[in-house]
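See below for the structure under consideration.
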Amino acid sequence: VAVAQPGRVKVGDRVTVMPQYPCGNCALCRSGDYIYCEDTYNFAEFTGSRDGSGTFAHYVVKPSWLLLPIPERVTYEQATMAIDGIGASFGGMQAIGVGAFDTVLITGLGPVGLGGIINARFRGARVLAVEPAPWRAALGLELGAEVVLHPQDDPLARIRDLTDGRGVDCAVDCSGSVAGERLCIDAVRRRGRVAFVGECSQELPIKVSPDLIRKGLLVSGNWLYNMQDYEGVMQVIAESPLIDKLISHVMPMSNIQEAFGLLAAGEAAKIVLHPWA
Numbered sequence: 219v220a221v222a223q224p225g226r227v228k229v230g231d232r233v234t235v236m237p238q239y240p241c242g243n244c245a246l247c248r249s250g251d252y253i254y255c256e257d258t259y260n261f262a263e264f265t266g267s268r269d270g271s272g273t274f275a276h277y278v279v280k281p282s283w284l285l286l287p288i289p290e291r292v293t294y295e296q297a298t299m300a301i302d303g304i305g306a307s308f309g310g311m312q313a314i315g316v317g318a319f320d321t322v323l324i325t326g327l328g329p330v331g332l333g334g335i336i337n338a339r340f341r342g343a344r345v346l347a348v349e350p351a352p353w354r355a356a357l358g359l360e361l362g363a364e365v366v367l368h369p370q371d372d373p374l375a376r377i378r379d380l381t382d383g384r385g386v387d388c389a390v391d392c393s394g395s396v397a398g399e400r401l402c403i404d405a406v407r408r409r410g411r412v413a414f415v416g417e418c419s420q421e422l423p424i425k426v427s428p429d430l431i432r433k434g435l436l437v438s439g440n441w442l443y444n445m446q447d448y449e450g451v452m453q454v455i456a457e458s459p460l461i462d463k464l465i466s467h468v469m470p471m472s473n474i475q476e477a478f479g480l481l482a483a484g485e486a487a488k489i490v491l492h493p494w495a
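For the sequence shown, our numbering assigns the number 219 to the initial residue and increments by one for each residue that follows.
As structure tokens, this is what we get:
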């Protein structure tokens with residue numbers, strides 16, 4: 219924190235900056251589900267400028283209640299994993315109750331899906347994954363996935379073989395693709411649970427009776443995590459021996475184009491940019 223009024227935080231505090239500009243007053247905000255706030259305020263109208271609302275910037279302006287303390291044992295670089303690295307899939311797994319006796323399918327091993335492997339393994343679950351990019355598939359295995367299947371190699375048949383024909387207990391889509399979402403619905407067992415984490419604006423073909431009602435599926439859409447789960451997210455970051463493997467590159471902000479190139483090529487996990495370098 220560089221500038222602070224008297225209140226919850228003070229200058230010098232190490233904090234994680236939560237996303238969005240929620241109202242802080244509605245029932246969702248008060249319960250900690252601020253990410254779903256229906257009355258988010260317009261930053262430019264509120265402050266008179268859009269300056270300070272961005273992400274790839276030296277400074278951002280935030281209400282103090284959206285600044286949560288970083289535990290002493292967590293570095294700044296590790297703390298950056300709290301949102302899309304670990305937090306996104308953490309919220310989905312909380313919603314569908316992933317546990318130690320579950321086999322979990324994770325579709326899409328971008329940074330969010332790779333973080334999903336860490337979350338699932340931290341909970342003791344068995345992990346199967348689907349990812350086409352060789353670099354990310356290899357890292358997925360290193361992080362603890364039992365197998366990483368290519369989406370063109372009939373992953374549904376392979377998943378059924380690996381689960382004695384039943385299907386997985388839980389599935390978390392982190393691909394943001396219709397194919398990944400559909401595979402989650404098809405691969406999960408009867409009475410299974412599905413969480414959609416990856417952003418997708420395309421229509422997903424679903425037949426309610428055979429896909430949902432007759433299978434008894436619990437399907438959850440999840441955008442990040444409830445504020446009440448912050449301690450759990452930080453526990454994963456602090457205690458998982460895999461967290462540093464999720465940070466594939468650390469580079470100065472001036473190398474941002476190189477960072478985007480690595481991500482576009484599927485040859486990076488989470489890239490940490492140092493704003494002052």
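We put the beta carbon where it would ideally sit given N, CA and C, even for glycine. In this text the structure is predicted, and so the values were computed from the model without any measurement.
{"query": "Measuring CA to CA, which of Val366, Arg248, Ala343, Arg268 is closest to Val554?", "result": "Look at the range of the chain in this structure, 219 to 495, and you will see that residue 554 is not part of it."}
{"query": "Please report the distance separating the alpha-carbon of Val322 from that of Pro224.", "result": "45 Å"}
{"query": "Which one of Gly328, Leu346, Asp371 has the shortest CA to CA distance from Glu417?", "result": "Gly328"}
{"query": "Give the straight-line distance between the Cα atoms of Thr281 and Met471, rounded to the nearest whole angstrom.", "result": "Checking the sequence, you will find Pro at residue 281 rather than Thr. If I take the Cα positions, the gap works out to 25 Å."}
{"query": "Taking the beta carbon of Asn337 as the centre, do at least 16 other beta carbons fall within 10 Å, making it buried, or is it exposed?", "result": "buried"}
{"query": "Can you give the Cα-Cα distance for Val451 and Gly305, rounded to whole angstroms?", "result": "6 Å"}
{"query": "Kindly indicate which residue of Ser438, Ile314, Tyr254 has the alpha-carbon position closest to the one of Pro240.", "result": "Tyr254"}
{"query": "Just to confirm my understanding: we take Tyr294, look at its own chain, exclude 5 residues before and 5 after, and list those with CB closer than 8 Å. What are they?", "result": "Arg232, Ile288"}
{"query": "Can you tell which of His276, Arg409, Asn243, Leu436 has its C-alpha closest to the C-alpha of Asp492?", "result": "Before going on, a small fix: residue 492 reads as His here, not Asp. Nearest of His276, Arg409, Asn243, Leu436 to His492, Cα basis: His276."}
{"query": "Could you tell me the alpha carbon to alpha carbon distance between Glu349 and Gln446, rounded to whole angstroms?", "result": "31 Å"}
{"query": "For the beta strand (DSSP E) that Ile465 lies in, which residues bound it at each end?", "result": "465 to 470"}
{"query": "If we count Cβ pairs, one from each stretch, closer than 8 Å, do we get three or more for the region 427 to 440 versus the region 405 to 415?", "result": "yes"}
{"query": "What are the partner residues of His492, as DSSP defines its beta bridges?", "result": "Pro470"}
{"query": "Three or more C-beta pairs under 8 Å: does that hold for the region 388 to 400 against the region 306 to 315?", "result": "yes"}
{"query": "Rank Asp372, Ser466, Glu476 by C-alpha distance to the C-alpha of Leu401 and give the top, closest one.", "result": "Asp372"}
{"query": "Taking the alpha-carbon of Leu285 as reference, which of Ala347, Arg268, Tyr252, Glu263 has the nearest alpha-carbon?", "result": "Tyr252"}
{"query": "Using CA atoms only, rank isn't needed, just tell me which of Ile431, Ser395, Val426 is closest to Ser419.", "result": "Ser395"}
{"query": "Quick one: which unbroken beta strand (DSSP E) runs of 3-plus residues sit fully inside the region 343 to 414? Chain order, please.", "result": "344 to 348, 365 to 367, 386 to 391, 406 to 414"}
{"query": "Note down the Cα distance separating Met299 from Asp462, rounded to an integer number of angstroms.", "result": "10 Å"}
{"query": "Once DSSP output is grouped into helix, strand and coil, what is the label at Gly303?", "result": "coil"}
{"query": "From what residue to what residue does the beta strand (DSSP E) around Pro287 run?", "result": "285 to 287"}
{"query": "In the structure shown, what three-state DSSP assignment does Gly272 receive?", "result": "coil"}
{"query": "Which parts of the region 221 to 286 are runs of the alpha helix (DSSP H), unbroken and 4 residues or longer, counting only runs that do not cross its ends?", "result": "245 to 248, 261 to 265"}
{"query": "Which term fits Ser427, buried or exposed, when burial requires 16 or more other beta carbons within 10 angstroms of its beta carbon?", "result": "exposed"}
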